[in-house]
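Here the sequence shown is numbered in the numbering used here, starting from 1 and rising by one per residue.
No residue lacks a Cβ here, since even glycine has one placed at the ideal position from N, Cα and C.
Please read all numbers here as calculations on a predicted model, not as lab measurements.
Report on the structure given below.
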Amino acid sequence: MVLRDRGMLSPFQSFARSESAGGILLIVAAAVAFLWANSGVAASYQALKDLPFGVAAGDWGLHKPLLLWVNDGLMAIFFLLVGLEIKREFRVGELADRRAALLPMVAAVGGMVVPAAIYAVVNHGGVLGDGAGSHGWGIPMATDIAFALGIMALLGKRVPLGLKVFLTALAIADDLGAVLVIALFYTSELKLPLLLGALGVWVATVAYGVVGGRKLPVFLLFGVVLWYLMLKSGIHATVAGVLLAMAIPMRRELEVGDVRTKLANLLHGREFERQEVELEHLEDLVDRARSPLHTLEHALQPWVAFAIMPVFALFNAGFALSADASLAAPVALGAFLGLVVGKPLGVVLASWLAVRAGAATLPKGVGWTAMWGTGLLAGIGFTMSLFIAALGLGGGELLDQAKLGVLSASVVAAVVGLVVLRAGTAAEA
1 MVLRDRGMLS PFQSFARSES AGGILLIVAA AVAFLWANSG VAASYQALKD
51 LPFGVAAGDW GLHKPLLLWV NDGLMAIFFL LVGLEIKREF RVGELADRRA
101 ALLPMVAAVG GMVVPAAIYA VVNHGGVLGD GAGSHGWGIP MATDIAFALG
151 IMALLGKRVP LGLKVFLTAL AIADDLGAVL VIALFYTSEL KLPLLLGALG
201 VWVATVAYGV VGGRKLPVFL LFGVVLWYLM LKSGIHATVA GVLLAMAIPM
251 RRELEVGDVR TKLANLLHGR EFERQEVELE HLEDLVDRAR SPLHTLEHAL
301 QPWVAFAIMP VFALFNAGFA LSADASLAAP VALGAFLGLV VGKPLGVVLA
351 SWLAVRAGAA TLPKGVGWTA MWGTGLLAGI GFTMSLFIAA LGLGGGELLD
401 QAKLGVLSAS VVAAVVGLVV LRAGTAAEA
């Protein structure tokens with residue numbers, strides 16, 4: 001699908017710029033966390049994560065360390081945005097055209113299966129590992145879209161727009177896969193009554209949208225209740241964000257044609273005073289022409305990119321680098337090889353098979369060298385990889401190994417990916 005219409009290009013380019021800028025802040029937050037955890041005041045870093053925080057009303061209360069409020073609470077908002085992006089892409093975006101969507105979706109599957117398999121082999125028990133970290137097989141599966149687009153943006157206009165769209169769609173499909181993995185494999189013991197209660201709240205949320213409900217505060221109120229029930233049911237609370245996103249409608253109250261007609265009538269009015277009155281309602285008119293999903297997505301993007309993800313990085317990227325820390329440790333090695341080797345291998349191999357079979361074509365102006373570079377950038381797993389590591393491995397030494405592997409892999413994937421992508425785009429120029 002050739003993208004020429006500026007109405008289609010502008011939102012994507014705005015999104016890419018936002019994600020790229022957020023990626024820079026994410027790098028800074030991760031560096032601060034690592035330096036803090038290895039400084040003379042490292043105890044204050046741990047104290048911040050363990051700081052108790054709670055809310056209470058009467059006999060009811062919810063109390064958690066600050067780290068869990070970040071990982072269970074703020075990350076639910078991150079997953080809400082992920083869900084909104086997935087829904088939009090499947091309805092009207094790059095994944096709406098099934099043939100155009102096939103290449104990034106197939107590439108995403110390859111980029112999830114191969115890294116997970118490499119990690120599982122390294123950690124299954126035997127020569128390389130004792131099997132203690134085997135539950136972390138999902139760590140190298142997902143791509144950090146903010147980091148990946150941020151690195152790709154360093155090449156500026158050298159990178160064809162089609163390749164940026166491919167990487168974005170790939171990362172979104174990756175996120176969908178990661179959400180499913182978290183929901184199916186990284187949950188604690190289920191409490192059926194609370195799970196059924198969460199299902200009932202979600203059905204009520206969907207029904208509100210179906211009957212024409214558009215008030216975002218109402219959707220968000222449903223979302224808070226859904227989040228709490230999910231938190232207590234055993235399914236990870238962040239899944240509530242994705243479920244809420246699926247319930248928020250894309251339907252507009254006014255179609256674009258209706259807005260154009262109303263504006264034409266307004267601009268052709270003869271009475272200046274009447275025009276002034278009508279102009280006061282222009283903002284309401286525009287709001288009615290935007291879907292609740294569109295409005296919420298654009299409201300959340302800056303908060304997620306410039307606040308929630310950096311805060312997550314600050315609380316999760318820090319770990320004490322001990323004297324015996326080594327990438328040869330099974331969890332670190334599995335995460336590293338999964339991201340640096342498995343990710344590009346899976347992405348390119350799956351893409352090559354799809355192209356070879358005639359089911360898909362490469363983006364315009366893109367060759368296989370550039371695809372290898374993009375596959376390497378997809379190995380920047382940071383946010384989602386650290387999140388799954390915390391879910392799968394808990395805390396302690398294994399989690400520190402995973403952080404070492406993920407952070408090392410993300411740096412190597414970024415540097416090597418940038419070099420390979422530059423060579424690939426120069427060859428195609």
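With a threshold of 16 other beta carbon atoms within 10 Å, His236 meets it and is buried. Three or more Cβ pairs closer than 8 Å define a contact, and the region 297–306 falls short of that threshold against the region 41–54. Annotation: Ala146 to Ala305 spans about 8 Å, alpha carbon to alpha carbon. Taken atom to atom, the span from the alpha-carbon of Ile151 to that of Ala108 is near 19 Å. Around the beta carbon of Trp372, 16 or more other beta carbons lie within 10 angstroms, which makes this residue buried. Here Thr374 is not near Arg158, since their CB atoms are 8 Å or more apart.
Per DSSP, the unbroken beta strand (DSSP E) holding Ala57 starts and ends at 52–57.
Here the alpha carbon of Val366 sits roughly 14 Å from the alpha carbon of Pro104. Under the 8 Å Cβ criterion, the region 178–185 does not count as touching the region 405–422, having fewer than three qualifying pairs. The C-beta separation of Gly346 from Thr143 comes to about 11 Å, leaving the pair out of contact by the 8 Å criterion.
In the three-state DSSP reduction, Trp60 falls in the strand class (E or B).
Within the region 333–362, no beta strand (DSSP E) run of at least 3 residues lies entirely inside it.
Looking at the backbone, the Cα of Ser233 and that of Thr361 are separated by about 44 Å.
In the three-state reduction of the DSSP assignment, Pro140 falls in the coil class, being assigned neither a helical nor a strand state. Fewer than three pairs of CB atoms, one per stretch, sit closer than 8 Å, so the region 311–319 makes no contact with the region 348–364.
Pro302 and Ile248 do not touch by the CB rule: their CB atoms are close to 18 Å apart, not below 8 Å. For Pro160, the three-state secondary structure derived from DSSP is coil.
Around Arg91, the same chain offers Met250 as residues with beta carbons nearer than 8 Å, after the five sequence neighbours per side are excluded. Judged by DSSP in its simplified three-state form, Pro310 adopts helix.
When only Cα atoms are considered, Gly213 and Trp202 end up about 14 Å apart. Assignment of beta-bridge partners to Pro65 by DSSP yields Pro52. With a cutoff of 8 Å on beta-carbon distance, Ala409 and Val340 are scored as near each other. Under the 10 Å beta carbon count, Ser385 is surrounded by 16 or more other beta carbons and is classified as buried. A check of alpha carbon separations from Gly334 across Ser134, Leu67, Gly54, Ser39 identifies Ser134 as the nearest. In summary, Pro115 is buried, with 16 or more beta-carbon neighbours lying within 10 Å of its beta-carbon over all protein chains present. The Cβ atoms of Ala378 and Ala389 lie no closer than 8 Å to each other. Measuring C-alpha to C-alpha distances from Met141 to each of Tyr208, Val411, Ile118 identifies Ile118 as the nearest.
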